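Novice:
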Amino acid sequence: MHANISRLLPAVGGLAAILVVGAAPAAAQTAPTGQPTDQMTTPPTTTQPTTPAAPAMTTQPAPAQPAPAAPAQPAPAQPSGSGWTPGPNATSANNTFSGQIDSPSKGATVSNGGTLAINGWFVDTTAQGWAGADQVQLFNGQMGNGGTMLAKGVVAENRPDVATALNNPYWAASGFSLSVPASSLATGQDTLGVYVHTPGKGWWYEPLNVNISATAPATTTTTTTTTTTTGASTTTGAPQVTVSDPTENQDVSTRNGDFTIQGNVSNPSDIDRIDVWINGERDSGVQLGTTTPASDGSWSLAFTPTKYPSTHTNIYVYAHSKSTGQETEIVRGFNITDK
691 MHANISRLLP
701 AVGGLAAILV
711 VGAAPAAAQT
721 APTGQPTDQM
731 TTPPTTTQPT
741 TPAAPAMTTQ
751 PAPAQPAPAA
761 PAQPAPAQPS
771 GSGWTPGPNA
781 TSANNTFSGQ
791 IDSPSKGATV
801 SNGGTLAING
811 WFVDTTAQGW
821 AGADQVQLFN
831 GQMGNGGTML
841 AKGVVAENRP
851 DVATALNNPY
861 WAASGFSLSV
871 PASSLATGQD
881 TLGVYVHTPG
891 KGWWYEPLNV
901 NISATAPATT
911 TTTTTTTTTT
921 GASTTTGAPQ
931 VTVSDPTENQ
941 DVSTRNGDFT
951 IQGNVSNPSD
961 IDRIDVWING
971 ERDSGVQLGT
981 TTPASDGSWS
991 LAFTPTKYPS
1001 THTNIYVYAH
1011 SKSTGQETEI
1021 VRGFNITDK
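If you're matching positions, the sequence shown starts at 691 in the numbering used here and goes up one per residue.
1) Tell me which same chain residues have a C-beta within less than 7 angstroms of the C-beta of V702, skipping the five on either side of it?
2) Check each candidate in G953, N901, E896 and P995 and name the one with the smallest Cα separation from R945.
3) Could you tell me the distance, in whole angstroms, from the CA atom of G947 to the CA atom of D1028?
4) Could you tell me if the beta carbon of G987 falls within a distance shorter than 7 angstroms of some heavy atom in the ligand HEM?
5) Given this structure, state the Cα-to-Cα distance separating V844 from N901, to the nearest angstrom.
6) If you measure between the beta carbons of I1005 and V884, is that distance less than 8 angstroms?
7) Could you give the distance in angstroms between the alpha-carbon of G822 and the alpha-carbon of Q930?
8) Could you pull out every residue in the same chain whose Cβ sits closer than 6 angstroms to the Cβ of S646, ignoring the five residues on either side in sequence?
9) Can at least three beta-carbon pairs, one atom from the stretch 1000 to 1016 and one from the stretch 957 to 968, be found at a separation below 8 angstroms?
10) For L875, report the span of its beta strand (DSSP E) as first-last.
11) Touch check for the stretch 867 to 874 and the stretch 793 to 809: three-plus C-beta pairs under 8 angstroms?
12) From R972, W893, D960 and Q952, pick the residue whose C-alpha is nearest to that of P776; which is it?
13) Would you report the Cα separation of E1017 and T799, rounded to the nearest angstrom?
14) I need the DSSP call for T944, collapsed to helix, strand or coil.
15) What does DSSP give as the partner residue(s) for Y1006 in the beta ladder?
16) Can you tell me which of the three DSSP states D1028 falls into?
17) Should T932 be labelled buried (16 or more other beta-carbon atoms within 10 Å of its own) or exposed?
18) In the DSSP output, what is V884 paired with across the bridge?
19) Can you check whether the CB of F812 is closer than 8 angstroms to the CB of F829?
20) Under the rule that 16 or more other beta-carbon atoms within 10 Å means buried, what is Q977, buried or exposed?
21) At the level of alpha carbons, what is the spacing between T877 and T781?
22) Mind checking who N901 pairs with in its DSSP beta bridge?
23) Look at the Cβ atom of L898, then the Cβ atom of K796, and state whether they are nearer than 8 angstroms.
24) Identify whether A846 lies in helix, strand or coil by the three-state DSSP scheme.
25) Is DSSP giving Q1016 helix, strand or coil here?
26) Specify, as a first and last residue, the run of the beta strand (DSSP E) that Q952 falls within.
27) Going by the DSSP bridge assignment, what does G979 pair with across the sheet?
28) Taking the alpha-carbon of N939 as reference, which of N779, P983, T1001 and F993 has the nearest alpha-carbon?
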């Protein structure tokens, strides 16, 4: 009896192996493409087509989440700005610069009786410990290709918004500014170039198109205005004012700190204010400040030359009489220099 059972076991086992091997191809042929392996050996007994769809529904809200990078662009400065074009001696094959001209806007209209003031910022993103620019110049046309230099500007001006935008405190000193009398430009459309110099990488520029409009000279009937280059007003009944410092065509260095403008008035008790403007008269220039004369008739006002282009410029001094309402204007020309 036992011997018979032992003889049957190999036969049964061989039959089972044949059945399993023979069944495998059938199962593989009936399984739908892409089904998991555990479903290939087990025929479906219930309809469950909706079960795999549930995980897919849970992933749909994810794209609706706000992109985390959006808040990284502060409004005051645009760190993605890279519109700087190679100029003379430009050696960087990879533009590593960020910055822009903030004002005026491209295509802006400026009166030829006013001052064209340009402001912006520039960063060499590979610079360590500073913003990377050591000079800025304004050209009518292209530098090194027949263009004319109109002005040298000031670099390293404070721009805390840039430091915040680029997440580097050293790049706060990235501002630049230039100014030039609009009368030095031709009436109509002018194509200018703002050129920034980087040590080791040469000059890089951004174009600026402006429209210079012709305006008639301003006239007034309410005040008496006297203009002189010697520093003394002579009109009868108008305030008598002089400018003693700077003298005509004096060089004022940017390396000596603040400079004090000085002068005198003949009737200090009647002068209620003295206004001083630079790079243009009251309707177009930049106001340096307002002061009143001392009892001895002397007056003074300090300003910082490094805030203005190193070039020949004028100051305009207005002395106002409180008794007559008349006003005298004095013009004094001098040179802001880097030496």
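The beta-carbon is built from N, C-alpha and C at its ideal position, and this holds for glycine as well. Bear in mind that the values here come from a model prediction, so they are computed numbers and not experimental data.
Specialist: With the given structure in hand:
1) Walking along the sequence shown from the start, residue 702 turns up at place 12. Unreliable positioning characterises V702 in this predicted model, as indicated by a pLDDT of 40, which lies under 50. A coordinate reading is not provided.
2) The residue given as residue 945 occupies position 255 in the sequence shown. Nearest C-alpha to R945: P995.
3) Mapped onto the sequence shown, residue 947 falls at position 257. Mapped onto the sequence shown, residue 1028 falls at position 338. About 11 angstroms.
4) In the structure shown, the ligand HEM is absent, as is every other ligand, since no ligand is present at all.
5) Your numbering for residue 844 matches position 154 in the sequence shown. Your numbering for residue 901 matches position 211 in the sequence shown. Computed Cα separation, rounded: 24 angstroms.
6) The residue labelled residue 1005 in the question sits at position 315 within the sequence shown. The residue labelled residue 884 in the question sits at position 194 within the sequence shown. Cβ distance not < 8 angstroms, so I1005 and V884 don't count as in contact.
7) What you label residue 822 is simply residue 132 of the sequence shown in a count that begins at 1. What you label residue 930 is simply residue 240 of the sequence shown in a count that begins at 1. One Cα belongs to G822, the other to Q930, and the distance between them is close to 49 angstroms.
8) In this structure the chain extends from 691 to 1029, so residue 646 is not present and cannot be described.
9) Counting Cβ pairs under 8 angstroms, three or more are found: they touch.
10) The residue labelled residue 875 in the question sits at position 185 within the sequence shown. In this chain, L875 is not harboured by any beta strand (DSSP E), its DSSP state being neither H nor E.
11) Counting C-beta pairs with one atom in each stretch, the stretch 867 to 874 and the stretch 793 to 809 have three or more that are closer than 8 angstroms, which means they touch.
12) Translated into the one-based positions of the sequence shown, residue 776 becomes position 86. Closest by alpha carbon: W893.
13) In the sequence shown, counting from the first residue as 1, residue 1017 sits at position 327. In the sequence shown, counting from the first residue as 1, residue 799 sits at position 109. If you take the alpha carbons of E1017 and T799, they lie about 30 angstroms apart.
14) Residue mapping note: residue 944 aligns to position 254 of the sequence shown, counting from 1. Looking at T944 - three-state DSSP - the assignment turns out to be helix.
15) Position 316 of the sequence shown, counting from 1, holds the residue named residue 1006. Answer is W967 and V1021, bridged to Y1006.
16) Along the sequence shown, one-based indexing puts residue 1028 at 338. Judged by DSSP in its simplified three-state form, D1028 adopts coil rather than helix or strand.
17) Counted from its first residue, the sequence shown places residue 932 at position 242. Per the 10 Å Cβ criterion, buried.
18) Working through the sequence shown from its first residue, we reach residue 884 at position 194. Answer is L828 and E896.
19) Locating residue 829 in the sequence shown gives position 139, where the first residue counts as 1. Locating residue 812 in the sequence shown gives position 122, where the first residue counts as 1. No, Cβ-Cβ distance for F829 and F812 is not below 8 angstroms.
20) By one-based count along the sequence shown, residue 977 stands at place 287. Within 10 angstroms of the beta-carbon of Q977 lie fewer than 16 other beta-carbons, which makes it exposed.
21) In the sequence shown, the residue the question calls residue 877 occupies position 187. In the sequence shown, the residue the question calls residue 781 occupies position 91. T781 has its alpha-carbon roughly 36 angstroms from the corresponding atom of T877.
22) One-based indexing of the sequence shown puts residue 901 at position 211. Note: N901 sits in a beta bridge opposite T799 and Q879.
23) Counting from one through the sequence shown, the residue named residue 898 turns up at place 208. Counting from one through the sequence shown, the residue named residue 796 turns up at place 106. In contact: L898 and K796 (Cβ atoms closer than 8 angstroms).
24) In the sequence shown, residue 846 corresponds to position 156, counting from 1. It is a strand residue.
25) Residue 1016 sits at position 326 when you count from the first residue of the sequence shown. In this structure, Q1016 counts as coil in the three-state DSSP scheme.
26) Residue numbering aside, residue 952 sits at position 262 when the sequence shown is read from its first letter. Q952: member of the beta strand (DSSP E) spanning F949 to V955, first to last residue.
27) Translated into positions along the sequence shown, residue 979 becomes position 289. In the DSSP output, where bridge partners are listed per residue, G979 has V966.
28) Sequence index remark: in the sequence shown, residue 939 carries index 249 (1-based). Measuring from the Cα of N939, the nearest candidate turns out to be T1001.
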